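Just so we're aligned: 36 in the UniProt record's numbering is position 36 of the sequence shown, and the numbers increase by one with no gaps anywhere. Heads up, the beta-carbon is just placed ideally off N, CA and C, and yes, glycines get one too. Remember, it's a predicted structure, so these values are computed and weren't measured experimentally.
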Amino acid sequence: MNVEFVVDRGPRHVALRVHERGSGETRSCGTGACAVAVATARRDGADPAVTGTPVTYTVEVPGGTLVITERPDGEIEMTGPAVIVAEESSNPSGWRTPCADRSTGSVSQPPDRPVVISAGPKRCSPSRPWRTRCPMA
Numbered sequence: 001m002n003v004e005f006v007v008d009r010g011p012r013h014v015a016l017r018v019h020e021r022g023s024g025e026t027r028s029c030g031t032g033a034c035a036v037a038v039a040t041a042r043r044d045g046a047d048p049a050v051t052g053t054p055v056t057y058t059v060e061v062p063g064g065t066l067v068i069t070e071r072p073d074g075e076i077e078m079t080g081p082a083v084i085v086a087e088e089s090s091n092p093s094g095w096r097t098p099c100a101d102r103s104t105g106s107v108s109q110p111p112d113r114p115v116v117i118s119a120g121p122k123r124c125s126p127s128r129p130w131r132t133r134c135p136m137a
């Protein structure tokens with residue numbers, strides 16, 4: 001659960017600070033920034049689905065400045081800095097719970113090799129589909 005604190009900085013410009021349960025204050029939260037931009041747009045009377053025009057907000061977070069654009073089709077785009085802030089290696093042999101694939105409902109055992117978890121711009125790849133099925137939480 002996150003709690004976002006938001007203040008107006010100017011037209012279509014807000015500042016955001018995020019507190020995540022279990023982690024404390026974080027430098028950024030992309031999901032929270034997108035939610036804040038959409039909620040602020042609605043508060044300001046801007047709705048791209050109604051006007052047919054994209055709406056862009058600037059969201060300042062301690063980790064940098066994010067630009068959030070909501071398009072008329074409901075797509076939301078976020079741009080801003082992305083850096084690796086942590087890396088960890090874990091041995092899955094100690095995992096006790098099988099992994100569930102939410103898309104199919106199937107259950108499989110965790111991988112039998114070490115997993116490297118990176119926080120940053122890296123994305124899951126098709127060659128390592130277990131990354132999307134085995135949450136580390």
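When rounded, the separation of the alpha-carbon atoms in V14 and P72 is 21 Å. Excluding the 5 residues flanking it on each side, I76 has same chain C-beta neighbours closer than 6 Å at C34, E70, in chain order.
Close CB contacts of P48 within its chain, under the 7 Å cut and outside five residues either way in sequence, are with P54, V55, E70, R71, P72 (chain order). Across the set V85, V38, A41, the C-alpha of V85 shows the shortest separation from the C-alpha of T26.
Each of G24, Y57, G45, M1 was checked against the Cα of V7, and the nearest Cα belongs to Y57.
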